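J.: The structure that follows is given in the form of structure tokens.
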Ligand SMILES: Cc1ncc(C[n+]2csc(CCOP(=O)(O)OP(=O)(O)O)c2C)c(N)n1
Ligand SMILES: Cc1ncc(C[n+]2csc(CCOP(=O)(O)OP(=O)(O)O)c2C)c(N)n1
Ligand SMILES: [Mg+2]
Ligand SMILES: [Mg+2]
């Protein structure tokens, strides 16, 4: 799997191999050590170490005043983080599963996203919310959703979806320096994925996509875990003489228009791959953005979207796999697209 | 304003002029009279008559056991409606403003939308939720949102946006006969709009768009109040020799693909007009749906979207108007689009 | 209580027939064995995902359902296997569900976290903590409006008592005097967080005062105590007098889910609670009061073992759902 | 209480200097006149949208803020003009906001429902019933963590007490012993729904027990009673002893908002409460205890009238926001 970010200069720091979860923890550790205002909040993030062991042992290093186990109160907990962010703290709030953010939409969307605007700029809400998302764990419909598109629809929020350990750390550190609310959608199946991660502090810019693989025949815009599936498919396609360019969107609000449009102008074909439900998932926006841009004139084929099936995530593992795009689906769509002429 | 549905046969019943709010009330009245299982639930829908006077005097006719004022408890109230629907009632739940559905996303999205699927078909949730939406009332950011796209992203829900009194009544009656959860987004500025409404019981089919005006030069797909703005623009455009076809989407989940694609195949140009925030609003899906269909080959110009500005709805009336598409915006976009050649 | 019985006869002994009591103990064995079987199948890789075992809490589930018939409803939780068996489910179809089979209660779509048996009145486990609370109130509203006479029992955990849904649901049930009983199974922890750290009051049952409803705390490992409190609460609900809150103090022997490392509690605490095994206590009570002999009880246990073995076999041999049907049952009628 | 004063001296008279008391009365006049002015401007079509007037509730807002300084925070509600004035806002900038002007507190973006004055510690009115409750707890968490010594007062209505956010917020404030005072302004109705119909308990303050915090009910039209309860609650918060719930019984003379037809309450009830005008009572108290003469009080009132007239003039002549700046301030730094 070719994980080179391509368009982005690597930080100068030395790197080590870390898992995605470890990289996130390292970012939080750095932030907690550097800034007294940083606190972690969430359910079972203390001695339990988080449902996915992302916070791990941080409570032992920073104490329960800074690594705060909340009661099971998502609306209130998120609201406390919002109020704390408005008044001087830098909370990193972990939803145990992003599905539970359904309980906190009020605070995220009506308060965090809007209060700066409603107050004419008099406050800001530098809150970071971590959202473990996605299917593949056999946890069924209420623990497997990919709801990121909802948040990308909301002005006032920034929304990122790191696909690598390096970006998971760099985007979290960038989110902490951002004066506005940033939501980080972490894919649960990526937590154990390993990758090279620079030591120390560095920032992965919010709002910038990364070209993970260069290609000339079609552009695959993918998010989160789908980046890896797209890269895997791209390798197979290369063996068939189809060179796919793989764009890792990384930030879904605001979208890096220029990188996406630039790639489409070059390849003239666009495939969007994402895990969220196809209808109104992030691929809808990518497609529409391209179709209303000057890049439209470069298109040699319809824009194809591969998104989640129009159903909740089922429990049975075969059904579960069938409910989200897999490598063979990408291969099939890419081959058809590469062959298509308008 | 040409309000003929065009593609749909008018019910045989005699019609009277009613406002959109009166038409909704009439639908509820008919349902309450015909079916003991129907109950209305919501905040201040009883003696107050509803914040927008939609339920009006129904409580006096049917009593407080069937027109139930809930406490200010949106999550719980919606959940009670879901549980009641699972066990034999046919609740019509009114959110006082659709913005407050942010408090009830859990019950709507995790429970109502999914329980049938999660239980392998063993239950259904015939709940109807009414969502007063949209801007234009000077009520600012937390009382003016158009969040319908969120719900259209969720399998298991059906989502409609009536633009006329006739459809407001017909879609509500259809929603009540639907075994699955149906969300009705009603635009607050339409409540006082008058139109011919058939007497008695009839159904407006869920999942069917209406061509409100025939045209050959471009297709305008619009939702809710934007249908009226599009029709107004179309009339002006006609004077300039541009014949716009105006499609009233009516249902945004499931979308009436055939009507939209058929119109685009005919006109070769597509403009989507909707009040929700542009990014990931319903126009994104319409655009993407067209761009991946065979209709793509018929397109003679990029697909243009006119959606809400990328900001919360502001209080100042000039700003508020600027935050959502207006007739001049539609005119400008349509003229540019009609002139454009690929 | 019939006056032939001595003063200190436990409620359950006085209230239920020997057959009912033995059936209850059998259900408790069935829950225990079901979960042991599920755990083993999971360990052997036959079941995927995760699961939340209620081993140690069997008296609470079975005791709470004693006063209910098939027309009555329950809403259950992520830790819902016990409730499901207690409400009368067939363990074969439960196992089939865990194995993701078409013959499962949810046709393989739901798994452990959504186990349900709608025909027997179990509206389903719920993956959302507190998610079932308003739904239970809705079911009670239906019963009241439609005059069915049904009562709804709403199970939830101590952790769930801090969700806003708890507050909203109990308040509505109270103001509308609905036939619902809220059963808080307090096993001391919401995942890793103890009630001392999560909850401002020592006894959750005292929160009933905030809704002007009766609230009692009972020993949830004492079948008789649970069934006694529930008998009163269900009767009250059935009589139209409104809701109650019953706090059932119990303990889960296993970790929260399959990923728990038990860092938040001590071995001693676990051992202490295992010594208060609700099944042993129930069996002893039946022997002590001459309801059943040790042999009969051994027979009940062996019967449960057999039933579980057969159920696992049924599940293993069941058919998988067709992948082409992945979007089936999203809607009642297929949508294009 | 200094022992020079007679036994039955009201708390406020003993606690505050004559200047402080007169300033408080002046604020009460200012609130009343502000809202009357806003109402008139609305009726004349100069203000659009809707607004929620707190006329009749002035003692509650001003009394509750007596123990606070500028470093202390409040979170307010849709009925928030009084809180805003009480916390020290400038009525000119408030009117400018209502008129949608760039010189308004929210630069015309927020209007009545989002009126705020962050510099004076008012984190803002809130259009979402209960929306400010968790935010207030967050502000208190900041104060505790950062050691600022600030206290947060969280205003909310009787209707808001049935929101899940109430439950979650009070529980967290209690378990973490945060410096926050929850002030429930109970004006008997949430919109049209009386507390009898919406709330399972008769006194909302009793719900404090569910969070093991002190709860008191006071006559919210009695400035001294409100300030007394708040003095204790704020002192407790400041001393690190945790949160309190103060229920302030009051009444709004006007309808819920501009669209209210008052179908849910009687003329008699309104008249009855108008007879208990908190401003008259405050004025009488000051006269009775020799703090101010009738002439001085008339002077305060006249001063408020003048200030309001000037404020309206300021607002009228302010500049409108530029339409091109409609997406300004969505983010701190502009996003493409
Ligand atoms: C809304 C929500 N928040 C968090 C979770 C994750 N979670 C599942 S079970 C659980 C603990 C629940 O504790 P309790 O209610 O006491 O039930 P118990 O597990 O002890 O039976 C948590 C935090 C969830 N499923 N839903
Ligand atoms: C979450 C939410 N639900 C409903 C509303 C509509 N609403 C605005 S004020 C109000 C009544 C609030 O009552 P209360 O809390 O007692 O405050 P009061 O208006 O009496 O001051 C309602 C229902 C809202 N703004 N937010
Ligand atoms: Mg527990
Ligand atoms: Mg009130």
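Chains as they are written, first to last, in the numbering used here: chain A, 142 to 483; chain B, 142 to 483; chain C, 25 to 360; chain D, 25 to 360. Even for Gly, the Cβ is constructed at its ideal location relative to N, Cα and C. The structure displayed is predicted, hence computed values, not measured ones.
Of the residues that make up the segment 313-324 of chain A, which ones have a beta carbon closer than 7 angstroms to any beta carbon in chain D?
T.: Those residues of the segment 313-324 of chain A that come within reach of chain D (Cβ to Cβ, closer than 7 angstroms) are 320, 321.
J.: Our contact map puts residue 213(B) next to residue 153(D) with C-beta atoms below 8 angstroms; I'd like the distance itself, whole angstroms only.
T.: With a Cβ gap of about 5 angstroms, residue 213(B) and residue 153(D) count as contacting.
J.: Alpha carbon to alpha carbon, how far is residue 239(A) from residue 388(B)? Give it in angstroms, no decimals.
T.: Residue 388(B) and residue 239(A): Cα-Cα distance of roughly 36 angstroms.
J.: If you measure from the beta carbon of residue 471(A) to each beta carbon in chain C, is any gap under 9 angstroms?
T.: Taking Cβ atoms only, chain C never reaches closer than 9 angstroms to residue 471(A), which makes this a no.
J.: State whether the segment 126-138 of chain C contacts the segment 90-97 of chain C, with contact taken as three or more CB pairs (one from each stretch) at a distance under 8 angstroms.
T.: The segment 126-138 of chain C, when compared against the segment 90-97 of chain C, does not touch it at the 8 angstroms Cβ threshold.
J.: Terminal residues of the continuous beta strand (DSSP E) containing residue 170(B)?
T.: Segment 161-175 is the alpha helix (DSSP H) holding residue 170(B); no beta strand (DSSP E) there.
J.: Three-state secondary structure (DSSP) at residue 361(D)?
T.: Residue coverage of chain D in this structure runs from 25 to 360, which leaves residue 361(D) outside it and unanswerable.
J.: For residue 184(C) and chain A, any beta-carbon pair shorter than 9 angstroms?
T.: Yes - at least one Cβ of chain A is within 9 angstroms of the one on residue 184(C).
J.: Which whole-angstrom value is the C-beta distance of residue 356(D) and residue 320(A), which I expect to be below 8 angstroms?
T.: Contact holds; Cβ gap of about 4 angstroms.
J.: Using 9 angstroms as the threshold, is the C-beta distance between residue 161(B) and residue 331(B) below it?
T.: Their beta carbons are under 9 angstroms apart, which means residue 161(B) touches residue 331(B) by this criterion.
J.: Is the shortest distance between the beta-carbon of residue 288(C) and the beta-carbons of chain D less than 9 angstroms?
T.: Not one chain D Cβ lies under 9 angstroms of residue 288(C).
J.: Determine, for residue 409(B), whether the minimum Cβ-Cβ distance to residues of chain F falls below 9 angstroms.
T.: The displayed structure is made up of protein chains A, B, C and D, and chain F is not among them.
J.: Mind listing the chain B neighbours of residue 370(A)? Cutoff is C-beta to C-beta under 9 angstroms, in chain order.
T.: Within 9 angstroms Cβ-Cβ: nothing; residue 370(A) doesn't reach chain B, min ~19 angstroms.
J.: Please confirm if residue 133(C) has its CB atom under 9 angstroms from at least one CB of chain A.
T.: For residue 133(C), the answer is yes, since a Cβ of chain A falls inside 9 angstroms of its Cβ.
J.: Could you check where the alpha helix (DSSP H) with residue 340(C) kicks off and where it finishes?
T.: 318-340 is the span of the alpha helix (DSSP H), which, as asked, contains residue 340(C).
J.: Scan the segment 420-431 of chain B for residues whose Cβ lies nearer than 9 angstroms to a Cβ of chain A and list them as they occur along the chain.
T.: Here the close residues are 420, 421, 422, 423, 424, 425, 426, 427, 428, 429, 430, 431.
J.: Quick one: does residue 122(A) have its CB under 9 angstroms from some CB of chain C?
T.: Residue 122(A) cannot be examined here, being either before or after the span of chain A that is shown, 142 to 483.
J.: Under three-state DSSP, which class holds residue 130(C)?
T.: Residue state, collapsed to three classes: coil.
J.: Threshold first: 3 residues or longer. Then list the beta strand (DSSP E) segments lying entirely within the segment 246-322 of chain B, N to C.
T.: List check, beta strand (DSSP E) in window: 269-274, 299-301.
J.: Under 7 angstroms between beta-carbons, which chain B residues line up against residue 166(C)? List them in chain order, please.
T.: Residues of chain B passing the Cβ test: 225, 228, 229, 230.
J.: Chain B partners of residue 221(D), CB-CB under 7 angstroms?
T.: Those are 210, listed as they occur along chain B.
J.: Going along the chain, which residues of its own chain have a beta-carbon closer than 6 angstroms to the beta-carbon of residue 55(D), five neighbours each way excluded?
T.: Same-chain partners within the cutoff: 82, 106, 109.
J.: For residue 208(C) and residue 270(C), what's the separation of their Cα atoms in angstroms?
T.: Rounded to the nearest angstrom, the two C-alpha atoms are 6 angstroms apart.
J.: By Cβ distance, which residues of its chain are closer than 8 angstroms to residue 178(A), with the 5 residues on each side in sequence left out?
T.: Closer than 8 angstroms at the Cβ level, and outside the excluded window around residue 178(A), lie 229, 230, 231.
J.: I want to see whether chain D comes within less than 9 angstroms of residue 235(A), judged by CB atoms only; does it?
T.: No, residue 235(A) does not count as interfacial toward chain D.
J.: At a threshold of 8 angstroms, does residue 211(D) count as lining ligand 2 (C-beta to nearest heavy atom)?
T.: Residue 211(D) Cβ: within cutoff of ligand 2.
J.: Using a C-beta to C-beta distance shorter than 9 angstroms, which residues of chain C count as neighbours of residue 328(A)?
T.: Chain C residues near residue 328(A): none, gap ~17 angstroms exceeds 9 angstroms.
J.: Looking at residue 447(B) and residue 411(B), is the spacing between their C-beta atoms short of 9 angstroms?
T.: No, the Cβ-Cβ distance between residue 411(B) and residue 447(B) is not below 9 angstroms.
J.: How about residue 352(D): is its C-beta nearer than 9 angstroms to some C-beta of chain A?
T.: Chain A, which has a Cβ nearer than 9 angstroms to the Cβ of residue 352(D), makes this yes.
J.: Is the segment 30-45 of chain C in contact with the segment 372-388 of chain B, if contact means three or more CB pairs nearer than 8 angstroms?
T.: No: fewer than three Cβ pairs fall under 8 angstroms.
J.: With 8 angstroms as the C-beta to C-beta threshold (strictly closer), list the residues of the segment 229-244 of chain C near chain D in chain order.
T.: Answer set for the segment 229-244 of chain C: 230, 231, 233, 234, 235, 236, 237.
J.: Which of the residues in the segment 237-266 of chain B, read from start to end, lie with their CB under 8 angstroms from any CB of chain C?
T.: Of all residues in the segment 237-266 of chain B, 247, 248, 251, 252, 256, 257, 258, 259, 260, 261, 262, 263, 264, 265 have a Cβ within less than 8 angstroms of some Cβ in chain C.
J.: Tell me which same chain residues have a C-beta within less than 6 angstroms of the C-beta of residue 392(B), skipping the five on either side of it?
T.: Correct list, in chain order: 301, 347, 348.
J.: Inspect the beta-carbon positions of residue 257(B) and residue 353(C) and report whether they are closer than 9 angstroms.
T.: Yes, Cβ-Cβ distance for residue 257(B) and residue 353(C) is below 9 angstroms.
J.: Please give me, in chain order, every unbroken run of the beta strand (DSSP E) with length at least 3 that falls completely inside the segment 189-220 of chain D.
T.: Those beta strand (DSSP E) runs which fall completely within the segment 189-220 of chain D and span 3+ residues are 204-210.
J.: Among 263(A), 479(A), 254(A), whose alpha-carbon lies nearest the alpha-carbon of residue 379(A)?
T.: When each option's Cα is compared against that of residue 379(A), the closest is 479(A).
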